[in-house]
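Visitor: Below are the C-alpha cells for one structure; questions will follow.
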C-alpha cells in the first residue's frame, strides 16, 4: 500500500455517535496527516444485531450526518448501510480499494477490537487492504497491545500503528441507558444529535 491519498475509516453502529468518536477521528486526521475520515455506519454487522432499545438504520445514519456536518474533512459513506445481508469489514475494504486504488486506507480501531482481531471475518484480507490505527489511552499498559501487534504482523503481515486517543470516558451503551432514564446526554454528543434524539424520542422507551 503506497497510495497518493490517505483516508481514515471510522466504522461502527454509532448508536448513537458521540463526542468520543469525533475526537478519535480528529486525532487520526491530525496525527497521520490524513486527507479525510470516512464514517461508515454498519448496516447489519453479524456481531451486533439490531437492538430493541436502539435506533433504526435511518436514524443512525441521520445522527452521523448531523454529527459530522461541521467537520469539512469528515465524510459519510453509506455503503454498508445499503448492503444486503451481513456486512463484513473485508468486503467494505475490497470495495473501497477497487474504487480508489491510489488511496491508502487507515482503519481506526480500539484496543479491545485489536485484541479480538483474530476472530474477525478474514483478518488476513483486512490487513491486505488497510493499515490499522489502534487507539490507546494515556497511562494504559501497552504490553498486551504490543504483543498482539507483533502477532498480527507475523501472522497476517499487518501494518499496525498506535493512535494517541483522547481520554473521553463515554460509550454508546451508557448513553442509551441515560436516555431511557430521562437524563440529558448533551455533554456527550453534538447539540444537533441531542436535538434529533429528543425530537424523535429515540432511546426513550425502557426495555421490557
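Residue numbers (the numbering used here): 1 to 208.
Here a beta-carbon is modelled for each residue, glycine too, at the ideal position from N, C-alpha and C.
Just so you know, these numbers come straight off a predicted model, no measurement behind them.
Where does the unbroken alpha helix (DSSP H) through residue 111 begin, and where does it stop?
Guide: 111-115 is the span of the alpha helix (DSSP H), which, as asked, contains residue 111.
Visitor: Decide yes or no for the touch test of the stretch 150-163 against the stretch 172-188: beta carbon pairs closer than 8 Å, at least 3 of them.
Guide: Because the criterion of three Cβ pairs below 8 Å is not met, the stretch 150-163 and the stretch 172-188 do not touch.
Visitor: Taking its Cβ as the centre, do 16 or more other Cβ atoms sit within 10 Å of residue 18, making it buried, or is it exposed?
Guide: With 16 or more other Cβ atoms within 10 Å, it is buried.
Visitor: Closest by CA to residue 29, which one among 66, 12, 108 and 78?
Guide: Checking every option, the nearest Cα to that of residue 29 belongs to 108.
Visitor: Going by beta-carbon coordinates alone, are residue 115 and residue 145 separated by less than 9 Å?
Guide: The answer is yes: Cβ separation under 9 Å.
Visitor: Our contact map puts residue 34 next to residue 8 with C-beta atoms below 8 Å; I'd like the distance itself, whole angstroms only.
Guide: Their Cβ separation, rounded to whole angstroms, is 5 Å, which keeps residue 34 and residue 8 in contact under 8 Å.
Visitor: What are the boundary residues of the beta strand (DSSP E) that includes residue 36?
Guide: Taken as a continuous stretch (DSSP letters only), the beta strand (DSSP E) holding residue 36 covers 36-41.
Visitor: With residue 36 and residue 82 assumed to form a contact (beta carbons below 8 Å), what rounded beta-carbon distance in angstroms separates them?
Guide: Contact flag wrong, Cβ pair sits at about 20 Å.
Visitor: Tell me whether residue 170 sits in a helix, a strand or coil according to DSSP, three-state version.
Guide: Looking at residue 170 - three-state DSSP - the assignment turns out to be coil, as it is neither helix nor strand.
Visitor: Could you check how far apart the C-beta atoms of residue 40 and residue 100 are, in whole angstroms? I think they sit under 8 Å.
Guide: About 14 Å; that fails the 8 Å criterion.
Visitor: Using the three-state DSSP reduction, which class does residue 135 fall into: helix, strand or coil?
Guide: Three-state DSSP puts residue 135 in a strand.
Visitor: Less than 9 Å separating the beta-carbons of residue 66 and residue 106?
Guide: Result no, Cβ atoms of residue 66 and residue 106 do not sit closer than 9 Å.
Visitor: With DSSP run on the structure shown, which of helix, strand or coil describes residue 18?
Guide: If DSSP states are grouped into helix, strand and coil, residue 18 belongs with coil.
Visitor: In chain order, which beta strand (DSSP E) runs of at least 3 residues are fully inside the stretch 53-118?
Guide: Here the runs fully enclosed are 74-76 and 103-110.
Visitor: When the Cα of residue 96 is compared with those of 135, 112, 202 and 5, which residue comes out closest?
Guide: It is 5.
Visitor: Mind checking residue 167: buried by the 16 CB within 10 Å criterion, or exposed?
Guide: Answer is exposed; the Cβ neighbour count stays below 16.
Visitor: Would you kindly work out how many angstroms separate the C-alpha atoms of residue 174 and residue 184, rounded to a whole number?
Guide: C-alpha separation (whole angstroms): 12 Å.
Visitor: Go ahead and label residue 98 buried or exposed: buried means 16 or more other beta carbons lie within 10 angstroms of its beta carbon, across all protein chains shown.
Guide: By the neighbour-count rule (16 or more Cβ atoms within 10 Å), residue 98 is not buried but exposed.
Visitor: How many angstroms separate the CA atom of residue 20 from the CA atom of residue 154?
Guide: If I take the Cα positions, the gap works out to 31 Å.
Visitor: Just mark residue 64 as buried or exposed, buried being the case when its beta carbon has 16 or more other beta carbons within 10 Å.
Guide: Residue 64 is buried by the Cβ-count criterion.
Visitor: From residue 94 to residue 121, what does the alpha carbon distance come to, in whole angstroms?
Guide: Straight-line Cα distance between these residues: approximately 13 Å.
Visitor: Quick check on the DSSP output: the beta strand (DSSP E) that includes residue 164 runs from which residue to which?
Guide: Residue 164 -> beta strand (DSSP E) spans 160-165.
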